[in-house]
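Participant: Just so we're aligned, residue 0 is where the sequence shown starts under numbering that gives the first Met the number 0, counting upward by one.
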Amino acid sequence: MDNLIFKEVKDTGKTKVWEVSSRHNDVVLGKIGWYPQWRRYVFYPFPNMLFDYACLRETGKFIHKQMVART
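#1: Taking C-beta to C-beta, are residue 29 and residue 42 nearer than 7 Å?
#2: Identify which residue in 70, 20, 25 has its Cα closest to the Cα of residue 39.
#3: Only counting the same chain, and skipping five residues up and downstream in sequence, which positions put a Cβ closer than 6 Å to that of residue 48?
#4: Could you compute how far the alpha carbon of residue 22 sits from the alpha carbon of residue 2?
#5: Do you know offhand how far residue 72's Cα is from residue 35's?
#6: Going by the CB atoms, is the gap between residue 6 and residue 16 shorter than 7 Å?
#7: For a test of the three-state rule: what should DSSP assign to residue 38, helix, strand or coil?
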């Protein structure tokens, strides 16, 4: 079972923004948005948040999926 929830919160027509929250306690952990200097989606964690390997892997898979969808 996935530990994170990815909720789309903005769509500019060119890029999107997702809120990332914990499935266990509904705490918002950060957001995923477009980083123009790198021309890709990145994870912007909120201050004082900690992530284990499973959360980072899940976030990475989600970002990869969105990048593939852009092409």
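All residues carry an ideal CB built from backbone N, CA and C; glycine is no exception.
Facilitator: Here's the rundown:
#1: Your numbering for residue 29 matches position 30 in the sequence shown. Your numbering for residue 42 matches position 43 in the sequence shown. Their beta carbons are under 7 Å apart, which means residue 29 touches residue 42 by this criterion.
#2: Within the sequence shown, residue 39 is the residue found at index 40, counting from 1. Residue 39 has its Cα closest to that of 70, out of 70, 20, 25.
#3: In the sequence shown, counting from the first residue as 1, residue 48 sits at position 49. If we look at residue 48 and ignore the five residues flanking it on each side, its Cβ neighbours are 28.
#4: Position 23 of the sequence shown, counting from 1, holds the residue named residue 22. Position 3 of the sequence shown, counting from 1, holds the residue named residue 2. Looking at the two C-alpha atoms, the distance is approximately 5 Å.
#5: There is no way to answer for residue 72, as the model of the chain reaches only from 0 to 70.
#6: The residue given as residue 16 occupies position 17 in the sequence shown. The residue given as residue 6 occupies position 7 in the sequence shown. No, the Cβ-Cβ distance between residue 16 and residue 6 is not below 7 Å.
#7: Within the sequence shown, numbered from 1, the residue matching residue 38 stands at position 39. In this structure, residue 38 counts as coil in the three-state DSSP scheme.
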